[in-house]
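Chemist:
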Amino acid sequence: HKKVEKICCLGAGYVGGPTCAVIAARNPHVQVTIVDLNALRIAAWNSDDLPIYEPGLDEVVKSCRGRNLFFSTDVDKAIIEADLIFVSVNTPTKTQGMGAGFAADLGYVESATRHIAKVAQGDKIVVEKSTVPCRTAQSMRFILEANARPGIHFDILSNPEFLAEGTAIADLMNPDRVLIGSLNTEAGRSAAASLVDIYAGWIKREQIITTNLWSSELTKLAANAMLAQRISSINALSAICEATGADVDEVSYACGLDTRIGPKFLKASVGFGGSCFQKDILNLVYLSESLHLPEVAAYWKQVVEMNEYQKKRFVNRIISCLFNTLTGKKIAILGFAFKKDTGDTRESPAITLCKYLRAERANVAIYDPKVAESQIWMDLTEPGITDDLAKLQKQISIADSAYAACKGADAVVVCTEWDEFRNTRLDYRKVYEMMNKPAFIFDGRLILDQKELESIGFHVEMIGRPRGNFETSMQWE
Ligand code: NAI
């Protein structure tokens, strides 16, 4: 099989950037060029201030940028030179037309594919890195073959990415597995072997799995659906805990000790976020419906509905604890990213929460250690309604520290599990002093020490634990 010497990656986003940076770092003899249509993003990748925050990413990029790792807007040149091309462009949920709200918008994948066909001057291995619906590789092949210069041969591989934001570099350096799907033809197997060699630069061969194309495409949707399902399952149980006096952390710990269940990814919370879980499940729902499997579609759809319910339930709890009105009250939102150690806010539960709180006429002060202010404003304004911003800013403010957000607040709401919000890191006595009384804390991530906060004087409400005073009403003696 062919030895890959030059790689091009279309899309310098959360996946393309870190993935190809690690490939370059671990394959010093391979030249890797990451390109994007977004010139600002490329400029940021070439600067000291990378466009995304991931622990360890700076070091990896610095170790090989300018050596065998390049960021560029010259898409054509990178395609022409490369033996292997990763397509790592965005695949958002369609917002209009057939399948709106469910199906993946494959416009970016298609236009990237057409572009490859147009400029390629020799044979290429084209790798789907983006998460795509099952059988997308077939469409890509069709487009490539119909548009390419005569005599050029394309092989298509599926190589979904399993990294999690916040731990991207660790996940890439030490993945549970790498999955490569190919056609079961000689050419397909040989292309897969070329990509296996790249990963074998740092990953054990037995962890590099090769399957057929459709299994590989479906596995990515399946893995995300199952991960999100675990969260919706524990969140569904958290509602029962709150109503009965069971403690969801205890339930999850005891369930997780069963080796068939396992302890990971069983943390109850205000809900999952991120660009992928919801999008990929909806994609699976759409796929099931198109295949005339309505029961299967309804089953997976419920995972997303439970997540919406969890956010709504949390806001309802805030409203009811604060004496059924939030009008004019100040609510401090700690954390805006969808999880800790990332600046990514896509589908963050904090966005939904802020929208609900706004509708209740609360004043909201937001603090997040990594999310840019401009990003928060963008997330809270509907696209296209610019004059809304002035109105929004009367109700919502962005603070530059947790203390500033909490000053004069009636309630503190932990939305992201950043370590700096833990009891050991934030001085909650100081927070308590500066708040209105009674001072409420709502922990949407189960990171706080309830007893300690109560000893300070806070009224504490935790997801998956009974409402305040419930415990005493439960005492039988
Ligand atoms: P992103 O939006 O951060 O990056 C995509 C980039 O592709 C953008 O910068 C865009 O300008 C660029 N792009 C679009 N069309 C292009 C073209 N024709 N040529 C060159 N560049 C082009 O998206 P992200 O988060 O990196 O996701 C990419 C794919 O990976 C999606 O399909 C997503 O579902 C999947 N994925 C994402 C994960 C995540 O944690 N974010 C994890 C695993 C998979």
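Numbered per the UniProt record's numbering, the sequence shown spans residues 31 to 507. Ideal Cβ placement from N, Cα and C applies to all residues, glycine included. Quantities reported herein were computed from a predicted structural model and do not represent experimental measurements.
1. Beta carbon of A150: closer than 7 Å to some heavy atom of the ligand NAI?
2. Expressed to the nearest angstrom, what Euclidean distance is found between the alpha-carbon atoms of residue 8 and K154?
3. If you follow the alpha helix (DSSP H) that A178 is in, where does it begin and where does it stop?
4. According to the Cβ coordinates, are residue 512 and V278 closer than 8 Å?
5. So, at 8 Å on beta carbons, what are the nonlocal neighbours of S431 in its own chain, with the 5 sequence-adjacent residues on each side left out?
6. Report all residues from its chain with a CB closer than 8 Å to the CB of D418; omit the five preceding and five following residues, and keep chain order.
7. For the stretch 411-482, which segments carrying the beta strand (DSSP E) assignment without a break, of at least 3 residues, lie completely within its bounds, in sequence order?
8. Counting C-beta neighbours from all protein chains within 10 Å, is the total for D374 16 or more, i.e. buried, or is it exposed?
9. Tell me whether S160 counts as near the ligand NAI, meaning its Cβ is closer than 7 Å to at least one heavy atom of that ligand.
10. Do V60 and C50 have their C-beta atoms closer together than 8 Å?
11. Can you tell me whether V45 sits near the ligand NAI, meaning its C-beta is under 7 Å from at least one heavy atom of the ligand?
12. Determine the extent of the beta strand (DSSP E) in which Y329 is found, giving its start and end residues.
13. Work out the CA separation of A469 and G487 for me, nearest whole Å.
14. With distances taken Cα to Cα, identify the nearest neighbour of P58 among T454, N76 and V34.
15. On the DSSP letters alone, give me the boundaries of the beta strand (DSSP E) that K154 sits inside.
16. What is the residue span of the alpha helix (DSSP H) that K385 lies within?
17. Comparing the CB of E191 with every heavy atom of the ligand ZN, is any distance shorter than 7 Å?
18. Tell me which residue opens and which closes the beta strand (DSSP E) that V65 is part of.
19. In chain order, what residues of the same chain lie with their CB nearer than 8 Å to the CB of T502, ignoring the 5 residues before and after it?
20. Could you have a look at E35 and say whether DSSP puts it in helix, strand or coil?
21. Going straight from the alpha carbon of F344 to that of V326, what length do you get?
Modeler: According to the structure data:
1. no
2. There is no way to answer for residue 8, as the model of the chain reaches only from 31 to 507.
3. Per DSSP, A178 belongs to no alpha helix (DSSP H) and is neither H nor E.
4. This structure does not reach residue 512, given that the chain is present from 31 up to 507, and the question cannot be answered.
5. Y397
6. T411 and E412
7. 426-428, 441-444 and 470-473
8. buried
9. yes
10. no
11. yes
12. Where Y329 is concerned, there is no enclosing beta strand (DSSP E), although the alpha helix (DSSP H) it sits in stretches over P324 to C351.
13. 8 Å
14. V34
15. K154 to E158
16. P379 to A389
17. The ligand ZN is not among the ligands present in this structure, which contains only the ligand NAI.
18. Q61 to V65
19. Residue placement at T502 is poorly supported in this model, since its pLDDT is 48, which falls under 50; the coordinates are not used for a value here.
20. coil
21. 28 Å
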